[in-house]
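The opening residue of the sequence shown carries number 1 in full-length UniProt numbering; numbering runs sequentially from there.
Below you'll find the structure, written out as C-alpha cells, and then a few comments.
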Amino acid sequence: MSLFNIEMRFVRKPKDEPYWIVEFPSEVEVKLLASRSVSLRNCIELWAHAPNVQKLHEELKLYPKSLMQPYVQADKSFKIEVDTFCKHFSQKEKVDKLEAFSYLPVDGPVDLKTPDVTFQYIEYYGIIPHCPPEQPYEVFFGRWVASGLRQLIKKLSLKTRKFIGNTSMDPQLSLLMANQAKVTDGSLVVDPFVGSGSLLVAATQFGGYVWGTDIDYLMLHGRTRPSRIHQKVCNLSFIIK
Numbered sequence: 001m002s003l004f005n006i007e008m009r010f011v012r013k014p015k016d017e018p019y020w021i022v023e024f025p026s027e028v029e030v031k032l033l034a035s036r037s038v039s040l041r042n043c044i045e046l047w048a049h050a051p052n053v054q055k056l057h058e059e060l061k062l063y064p065k066s067l068m069q070p071y072v073q074a075d076k077s078f079k080i081e082v083d084t085f086c087k088h089f090s091q092k093e094k095v096d097k098l099e100a101f102s103y104l105p106v107d108g109p110v111d112l113k114t115p116d117v118t119f120q121y122i123e124y125y126g127i128i129p130h131c132p133p134e135q136p137y138e139v140f141f142g143r144w145v146a147s148g149l150r151q152l153i154k155k156l157s158l159k160t161r162k163f164i165g166n167t168s169m170d171p172q173l174s175l176l177m178a179n180q181a182k183v184t185d186g187s188l189v190v191d192p193f194v195g196s197g198s199l200l201v202a203a204t205q206f207g208g209y210v211w212g213t214d215i216d217y218l219m220l221h222g223r224t225r226p227s228r229i230h231q232k233v234c235n236l237s238f239i240i241k
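Right, dumping it as C-alpha cells:
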C-alpha cells in the first residue's frame, strides 16, 4: 500500500473470513495493488452481497443499470465463474447456480477463454473444510477487476529451482519480504547472508539488481553436497563464474 501511496478504507472490519470488503478511490489503485500482491487472489467490483442466495438476487436486481451498462453491451464478450469456498460442487451444480442469473441484461456473446468481462459468483461456507454448513454464510456477485501474483509462487517453487540449500527460503515468504523492502525497477538489493539466493531471486521479479555475500565459500560456488535426496553430486551449472 505504501509503495504506491494507495488509500484504502474498510467497509467492514475484517474477521476470520478469507476476504475483505474495502473501498478504493478508483480501479487504477486496485490494479496497482494487485500488481504487487502475492497473497491476493482476486479483486472484485462488488455488485451485491447478502447472507443468502435469495437476498443476493434481490440486491443484484436493484444494482444501478447505469453502472452495469458498460460491461453488458453487445460488443462485450463475457463469462460467469462460480467459486465456492470450503465446499465442493459438481460442474452440473455450478451450471445450475449460473442459470439463476439469467435475468442479467448481458447482450454480448459468451467467451469462456478470453472474455472482455468476467463476472464472479462466490459462496462462502466458512473455514472448516470437513464440515461445511448446508447453506453458505455469505454470497457475493461482482465484476472481476484484477488478480494478484499467485503465479509467481509456482514460478519460484523450490521443486523446480536449479540450486537450493537446506535453508532455502519459501518462495512466498521471499516475495513478501521483497514487497516489504519495496523493491522496484532499478533497486539495489544486497543480502549479506545470501545462501542459495532465495531472497535475491524474489527481488529480481520486481526489477531489482541484486548481489550477495556469504561466509560459506562452498555454498557460493555450488560445491556443497546437493540438498535433493536423488542428487549425489552438484551440477556444473550450479557454479556462477
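Ideal placement from N, C-alpha and C gives every residue a C-beta, glycine not left out.
For L67 and T84, the gap between their C-alpha atoms comes out near 26 Å. Judged by their CB atoms, S26 and G148 are not nearer to each other than the 8 Å cut-off.
Counting only runs of 3 or more residues that sit fully inside the segment 8-80, the beta strand (DSSP E) segments are 42-50, in chain order. Taking all protein chains in view, the Cβ of E134 is surrounded by fewer than 16 other Cβ atoms within 10 Å, so the residue is classified as exposed. Counting the other CB atoms within 10 Å of its CB gives C131 a total below 16, which places it among the exposed residues. If you draw a straight line from the Cα of V190 to the Cα of Q180, it comes to about 14 Å. Counted as a single uninterrupted DSSP element, the beta strand (DSSP E) harbouring I122 occupies residues 117-124. Residue pairing by DSSP puts R143 in a beta bridge opposite E45, F119. One Cα belongs to V145, the other to D75, and the distance between them is close to 19 Å. With contacts defined by Cβ atoms closer than 8 Å, W47 and R143 form a contacting pair.
K92 is positioned such that its CB atom lies no closer than 8 Å to that of V82. Of all alpha-carbon atoms in R12, I122, S198, C86, the one lying nearest the alpha-carbon of K155 is that of S198. Between the C-alpha atoms of P115 and N42 there is a straight-line separation of about 16 Å. Looking at the backbone, the Cα of K97 and that of L176 are separated by about 36 Å. The residue from S102, P105, S196, I122 with its alpha-carbon nearest to that of K87 is I122. By the 16-neighbour rule on beta-carbons within 10 angstroms, I127 is exposed.
Non-local beta-carbon contacts of G186 in its own chain, meaning distances under 6 Å to residues more than five positions away in sequence, are absent. DSSP, reduced to helix, strand and coil, places Y103 outside both helices and strands of the structure shown, so it counts as coil.
Per DSSP, V201 lies in no beta strand (DSSP E); the unbroken alpha helix (DSSP H) holding it starts and ends at 198-204. By the criterion of a C-beta distance shorter than 8 Å, S168 is surrounded in its chain by L158, R161, G195, S196, S198, S227, once the five residues flanking it on both sides are discounted. For H221, the number of other beta carbons within 10 angstroms of its own is below 16, and it is reported as exposed. Here D107 is near Q73, since their CB atoms are less than 8 Å apart.
DSSP places V95 in the helix class (H, G or I) of the three-state scheme.
For L188, the enclosing beta strand (DSSP E) begins and ends at 188-191.
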